[in-house]
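K.L.:
Using numbering that gives the first Met the number 0, read the sequence shown as starting at 0 and increasing by one per residue. Pasting a structure here, questions to come.
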Amino acid sequence: MTWMKHTVQNEQANLGRNPLTVSGIARPTKTHMRRGIHRIIGSVSAHVRHSVSSAVAARRTEGLDPEIARIGALEASEVMDLLGCGPQGLTEQQAHRIRSVHGANIIAPERHDPLGARLARAFLTPFTLILLTLAAISLYTNVYLAAPGDADPSTAIIIGAMVLISGGISLWQDSRGAAAADALKGLVSITCRCVRQDTGGAEIPLADVVPGDLIELAAGDIIPADLRIVTAKDLFLTQAALTGESDPVEKTPAAIAEPAGRALVIDDCTNFAFAGTTVQSGSGTGVVVTTGARTYLGGIASALDARPTTTSFDAGVASVSRVLVGFMLVMCPIVFVLCGLTKGDWLDALLFSISVAVGITPQMLPVIVTTCLARGAEAMRAKDVVVKEISSIQNLGAMDVLCCDKTGTLTRDKIVLERHLDVLGAPSDRVLRHAYLNSLFQTGLRNLMDEAIIERAEALAAGGRSMDARAGETGERTSPEAATIAGARDHWCLVDEIPFDFDRRRMSVVVEDAAGKRQLITKGAVEEMLDVCSEVEVGADVLPLTPEQAGRILDRVRSLNERGMRVVGVAQRNDVPARDLTADDERDMTLIGYLAFLDPPKASAKAAVDELSGLGVTVKVLTGDNAAVAATVCEQVGINARNMLTGAEIDMLSDEELAERAERTGLFAKLSPLQKARIVNVLRERGGKTVGFMGDGINDAAAMRASDCGISVDTAVDVAKESADIILLKKDLTVLAHGIVEGRRTYGNTIKYIKTTASSNFGNVLSVLVAAAFLPFLPMSALQLLLLGMAYTVSCAALPWDHVDESFLARPRTWDARGIVSFMLGLGPVSSIFDILTFAAMFWVVCPLVVGAPWAALTDPAQRALFALVFQTGWFVESMWTQTLVIHLLRTERLPFVQSRPAASLTLLTMLGVGLVTAMPYVPGVNSALDLVPLPGVFFGVLATMMAGYLLLTSIAKVLYVRAHGELL
Numbered sequence: 000m001t002w003m004k005h006t007v008q009n010e011q012a013n014l015g016r017n018p019l020t021v022s023g024i025a026r027p028t029k030t031h032m033r034r035g036i037h038r039i040i041g042s043v044s045a046h047v048r049h050s051v052s053s054a055v056a057a058r059r060t061e062g063l064d065p066e067i068a069r070i071g072a073l074e075a076s077e078v079m080d081l082l083g084c085g086p087q088g089l090t091e092q093q094a095h096r097i098r099s100v101h102g103a104n105i106i107a108p109e110r111h112d113p114l115g116a117r118l119a120r121a122f123l124t125p126f127t128l129i130l131l132t133l134a135a136i137s138l139y140t141n142v143y144l145a146a147p148g149d150a151d152p153s154t155a156i157i158i159g160a161m162v163l164i165s166g167g168i169s170l171w172q173d174s175r176g177a178a179a180a181d182a183l184k185g186l187v188s189i190t191c192r193c194v195r196q197d198t199g200g201a202e203i204p205l206a207d208v209v210p211g212d213l214i215e216l217a218a219g220d221i222i223p224a225d226l227r228i229v230t231a232k233d234l235f236l237t238q239a240a241l242t243g244e245s246d247p248v249e250k251t252p253a254a255i256a257e258p259a260g261r262a263l264v265i266d267d268c269t270n271f272a273f274a275g276t277t278v279q280s281g282s283g284t285g286v287v288v289t290t291g292a293r294t295y296l297g298g299i300a301s302a303l304d305a306r307p308t309t310t311s312f313d314a315g316v317a318s319v320s321r322v323l324v325g326f327m328l329v330m331c332p333i334v335f336v337l338c339g340l341t342k343g344d345w346l347d348a349l350l351f352s353i354s355v356a357v358g359i360t361p362q363m364l365p366v367i368v369t370t371c372l373a374r375g376a377e378a379m380r381a382k383d384v385v386v387k388e389i390s391s392i393q394n395l396g397a398m399d400v401l402c403c404d405k406t407g408t409l410t411r412d413k414i415v416l417e418r419h420l421d422v423l424g425a426p427s428d429r430v431l432r433h434a435y436l437n438s439l440f441q442t443g444l445r446n447l448m449d450e451a452i453i454e455r456a457e458a459l460a461a462g463g464r465s466m467d468a469r470a471g472e473t474g475e476r477t478s479p480e481a482a483t484i485a486g487a488r489d490h491w492c493l494v495d496e497i498p499f500d501f502d503r504r505r506m507s508v509v510v511e512d513a514a515g516k517r518q519l520i521t522k523g524a525v526e527e528m529l530d531v532c533s534e535v536e537v538g539a540d541v542l543p544l545t546p547e548q549a550g551r552i553l554d555r556v557r558s559l560n561e562r563g564m565r566v567v568g569v570a571q572r573n574d575v576p577a578r579d580l581t582a583d584d585e586r587d588m589t590l591i592g593y594l595a596f597l598d599p600p601k602a603s604a605k606a607a608v609d610e611l612s613g614l615g616v617t618v619k620v621l622t623g624d625n626a627a628v629a630a631t632v633c634e635q636v637g638i639n640a641r642n643m644l645t646g647a648e649i650d651m652l653s654d655e656e657l658a659e660r661a662e663r664t665g666l667f668a669k670l671s672p673l674q675k676a677r678i679v680n681v682l683r684e685r686g687g688k689t690v691g692f693m694g695d696g697i698n699d700a701a702a703m704r705a706s707d708c709g710i711s712v713d714t715a716v717d718v719a720k721e722s723a724d725i726i727l728l729k730k731d732l733t734v735l736a737h738g739i740v741e742g743r744r745t746y747g748n749t750i751k752y753i754k755t756t757a758s759s760n761f762g763n764v765l766s767v768l769v770a771a772a773f774l775p776f777l778p779m780s781a782l783q784l785l786l787l788g789m790a791y792t793v794s795c796a797a798l799p800w801d802h803v804d805e806s807f808l809a810r811p812r813t814w815d816a817r818g819i820v821s822f823m824l825g826l827g828p829v830s831s832i833f834d835i836l837t838f839a840a841m842f843w844v845v846c847p848l849v850v851g852a853p854w855a856a857l858t859d860p861a862q863r864a865l866f867a868l869v870f871q872t873g874w875f876v877e878s879m880w881t882q883t884l885v886i887h888l889l890r891t892e893r894l895p896f897v898q899s900r901p902a903a904s905l906t907l908l909t910m911l912g913v914g915l916v917t918a919m920p921y922v923p924g925v926n927s928a929l930d931l932v933p934l935p936g937v938f939f940g941v942l943a944t945m946m947a948g949y950l951l952l953t954s955i956a957k958v959l960y961v962r963a964h965g966e967l968l
């Protein structure tokens, strides 16, 4: 199947002579996909990064479709003709027809397990399989082998109810978690600018892009599909997601030649922009060749195991599971042998040991953890915080350093052009007119300063009051440039431009007026503007730019910076070459003046910084802005700017020196994107910090990827949103502070369940081991043990909604698997002590009172059976009380119910569980089905004594544990 063959056959057969199906290099997909490019770029990028060597990275790019070379060898106009795309793009009708053939532009389908798989996962667990085995044995012995009229299926019915309850809870929590994740995914969208005949250039979802669409490209955009470049102006793309190489690559519309003697690789494709790559700088257009799974990124994604990267939280949960499973594998064979040897009934011993294994195995751990995370994500959504990756909740709560940009985060994100001045510092509308032409006609990434320039200029054109001396001393003071600005769109046209990049820190446009006069107008950071200027305009004179003159200019700029204003220089040049310009043509220019912008701090910024500090999060500002301006803003919001570092100073430091300086530095200014990423890496790897980075621009993407938790806003550029783990619906640090608290609350409730379960299960193992060694009968039946485990799990189901102590929320929380093991070993045996005391009280006091004699004096098998049933019932009830009490005792460092109140749902559910289990021995039918017998009143005296002692000893153990380890959870 060749590209041209597909063109001829399909285009004529399906769409007449309209060559729109040419892009179907592979057969159309019939699957309606939901998984977008930005969902899998991370996994592909991680896969490429782990390829280690550049040789391996190069091999990753082999295997391009041979038709790519054929398309690349054609001129751009030929490709557009072949795809049926005109200069104004496709029509909406054409796009709809193509989408019906080729499907949505989605890389891979969202894999939702079918109902059957989810039912199997919920109901076919070790827990339910053992229950079903017990039910089968009960039906065989109590129904099939029973005498006529004596059949009793009640045990099997109760077991069936347990299976339904256990599986139903798992299915409900699983479905609820998946639904919450889907809802959150829909809150973050990434679009591209598509040109169509009906609408012109408009933002559309990436999924709506079809082969033949004409896509406009600007800095910060994610490439939505595999594109053939049609036009380009200094267009540089970052292809690290596909090749692992971080250096930007220039793309041009020029045709390429297929290499001889080797396979085509991505580096050869200088006129292709591949899906998943990002625009670093420049601008251009491209026509879509392939979409969805047929793109090169789609081919990689289908070959990858795209499971999410394991986080420290995931690893910690897995480590707890391994420890408990390890205990199970060691202890259960011992329990089986001991019970078989001491009791003589090997079938009961087998069922009991298997039930112990099921009780120890943390089978519900993933379900409870997922519920905690899903509930946390929902709670954060209510605080205007959207979680893209649910596992990032823990990193958000663990964050102790927040790096952020200044603009929009600490400031109002509404820049105002305060002054437009000539070189001597006098108001000048001429400077504004030149800046207006630059901002108006540039086609790259328009920023807030461009918006402020346009707004101010158009206000002057509409009759706004001018401060220019030429406007006169009195009267309306109409700007002398008002008419020129008002007619700019008709009088001037864009001829060429040199887009902004973070190395030059400036951008230029070439405009031409109706008389054919061309002018190069450049604006940018003043220091960088002085580098390309040889002259300066002073009044009506143009003078050479001397070092003394440059010094006076910088002094004026510094004075404005110290008042919190950002200053941009404006220059122009008239002798513009009649050819495509490059950055090298930004020379011998004339500086005509500068613009001063005010971006005042938000009213809430200082309070938000103080709130984050109170949460143990240090705020550090990483900005590309002028140092003096950034320092002024930082001081106003309470961030220490005295130990400021600039990009130039950072380049002189080794990583060790930077780590030491970064620890005590609150402001980093005049940074490039790579310098931001380096600071984040140094703080993480050498400073041992959990670092979050909050940004919304293309210059923030590298630092966001380098951080533990990337944070962006829903108005950010595409590449920033793609790099983020957390999306804020409001660009405000106060919103982030709320998200951090919710992240810690989620982690707190998760760790409660993990630690209490580990501790409880470890104590149960020790108790069962002692009982198996010393009791002449099983301490509890297999069915009772399983029912007890289910009752405990149901009681824990409300933990995700529990309250968390303010002291726990007050500082960052990091995952510590060793702390879980020490918690389990330190507090687990406490419950075993009271289990053993209960064994003694039941064996030597309660059971003899009920039966009438101690075990050793009993010879009647019926009396011995009753003795065992009383013992098992007593431990069954006591275990439920201790397991429930341990939830409340270990959920807080403080005194439960008095100093720390649990959530009402947790209290209600645990009380209900204890009440039902305590009542079961007295309910006819239920007690016989579960082999329970009514307990005498003396038992409850023993139970009250045990609970009081357990409460006291556990409280003492908590204090000692906190003293030794610094914290409980």
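A virtual CB, placed ideally from N, CA and C, is assigned to each residue, including glycine.
Which word fits Val-430, buried or exposed, when buried means at least 16 other C-beta atoms lie within 10 angstroms of its C-beta?
P.N.:
Counting Cβ neighbours within 10 Å, Val-430 comes out buried, since at least 16 surround it.
K.L.:
Can you tell me where the alpha helix (DSSP H) with Leu-967 in it begins and where it stops?
P.N.:
Where Leu-967 is concerned, there is no enclosing alpha helix (DSSP H), given that its DSSP letter is neither H nor E.
K.L.:
Quick test of the definition: if touching needs 3 or more C-beta pairs under 8 Å, does the segment 907–915 touch the segment 874–889?
P.N.:
yes
K.L.:
Distance check for Val-385 and His-887, CA to CA, integer angstroms please.
P.N.:
31 Å
K.L.:
Between the segment 727–737 and the segment 750–770, are three or more C-beta pairs nearer than 8 Å?
P.N.:
Judged by Cβ distances under 8 Å, the segment 727–737 makes no contact with the segment 750–770, as fewer than three pairs qualify.
K.L.:
Do the CB positions of Gly-615 and Asp-930 come within less than 7 Å of each other?
P.N.:
no
K.L.:
Use the C-beta contact count for Cys-795: other C-beta atoms within 10 angstroms, 16 or more gives buried, fewer gives exposed.
P.N.:
buried
K.L.:
Is it a yes or a no for the segment 687–700 touching the segment 639–648, going by three-plus beta-carbon pairs under 8 Å?
P.N.:
Touching, no.
K.L.:
The alpha helix (DSSP H) with Gln-441 in it runs from where to where?
P.N.:
Where Gln-441 is concerned, there is no enclosing alpha helix (DSSP H), given that its DSSP letter is neither H nor E.
K.L.:
Return helix, strand or coil for Asp-540, following the three-state DSSP convention.
P.N.:
In the structure shown, Asp-540 sits in a strand (DSSP, three-state: E or B).
K.L.:
Identify, in the order they occur along the chain, each residue of the same chain with its Cβ nearer than 7 Å to the Cβ of Thr-483, setting aside the five sequence neighbours on each side.
P.N.:
Closer than 7 Å at the Cβ level, and outside the excluded window around Thr-483, lie Arg-432.
K.L.:
If we call anything under 7 Å between Cβ atoms a contact, is Ala-956 one with Val-829?
P.N.:
yes
K.L.:
Per DSSP, which one or two residues make a beta bridge with Tyr-593?
P.N.:
Leu-420 and Gly-568
K.L.:
Can you find the residues in the same chain that come closer than 7 Å, C-beta to C-beta, to Val-556, ignoring five residues on each side of it along the sequence?
P.N.:
Val-525, Val-566 and Tyr-593
K.L.:
Pull up the distance between the alpha-carbon of Ala-852 and that of Val-869, whole angstroms please.
P.N.:
13 Å
K.L.:
Does the Cβ of Val-278 have 16 or more other Cβ atoms within 10 Å, making it buried, or fewer, making it exposed?
P.N.:
buried
K.L.:
For Ala-206, tell me which candidate among Val-287, Ser-478 and Glu-527 has the shortest Cα-Cα distance.
P.N.:
Val-287
K.L.:
Since Glu-648 is in the alpha helix (DSSP H), which residue starts that stretch and which ends it?
P.N.:
646–649
K.L.:
Within its chain, find whatever has a CB closer than 7 Å to the CB of Ala-68; leave out the 5 residues flanking it on each side and keep chain order.
P.N.:
Glu-257 and Leu-263
K.L.:
Between Ser-533 and Leu-544, which are expected to be in contact by the criterion C-beta below 8 Å, what is the C-beta distance as a whole number of angstroms?
P.N.:
With a beta-carbon spacing of about 6 Å, Ser-533 and Leu-544 fall inside the 8 Å limit used to define contacts.
K.L.:
Hey, quick one: how far does the alpha helix (DSSP H) through Glu-519 stretch, first residue to last?
P.N.:
Here residue 519 is Leu; the residue named in the question, Glu, does not match the sequence. Element bounds for Leu-519: not the alpha helix (DSSP H) but the beta strand (DSSP E), 517–524.
K.L.:
Going by beta-carbon coordinates alone, are Ile-452 and Tyr-435 separated by less than 7 Å?
P.N.:
yes
K.L.:
Rounded to whole angstroms, how far is the Cβ of Lys-250 from the Cβ of Gly-219, which I believe are closer than 8 Å?
P.N.:
Not a contact, Cβ separation roughly 15 Å.
K.L.:
For the 8 Å Cβ check, are there 3 or more pairs between the segment 857–876 and the segment 829–845?
P.N.:
yes
K.L.:
Could you work out which residue in Gly-563, Val-509 and Thr-589 is closest to Asp-540 when comparing CA atoms only?
P.N.:
Per the Cα distances, Thr-589.
K.L.:
Between which two residues does the beta strand (DSSP E) harbouring Gln-279 extend?
P.N.:
277–289
K.L.:
Distance check for Glu-388 and Met-946, CA to CA, integer angstroms please.
P.N.:
If I take the Cα positions, the gap works out to 42 Å.
K.L.:
Does DSSP put Thr-483 in a helix, a strand or coil?
P.N.:
helix
K.L.:
Is it right to say Glu-721 is buried, meaning 16 or more other beta carbons lie within 10 angstroms of its own, or is it exposed?
P.N.:
buried
K.L.:
Taking the alpha-carbon positions, what's the Asp-449 to Leu-439 distance?
P.N.:
8 Å
K.L.:
Specify the secondary structure class of Leu-493 as computed by DSSP and reduced to three states.
P.N.:
strand
K.L.:
Which of the three DSSP states, helix, strand or coil, is assigned to Pro-600?
P.N.:
strand
K.L.:
Label Leu-213 either buried or exposed according to how many other C-beta atoms from any shown protein chain fall within 10 Å of its C-beta, with 16 as the threshold for buried.
P.N.:
buried
K.L.:
For Leu-234, which three-state DSSP category applies?
P.N.:
strand
K.L.:
Let me confirm a value: Lys-405 is counted as buried when at least 16 other C-beta atoms fall within 10 Å, else exposed. Which label applies?
P.N.:
buried
K.L.:
Please confirm whether Asp-220 has its beta-carbon closer than 7 Å to some beta-carbon of chain B.
P.N.:
Judged by its chain identifiers, the structure shown contains no chain B, having just a single protein chain.
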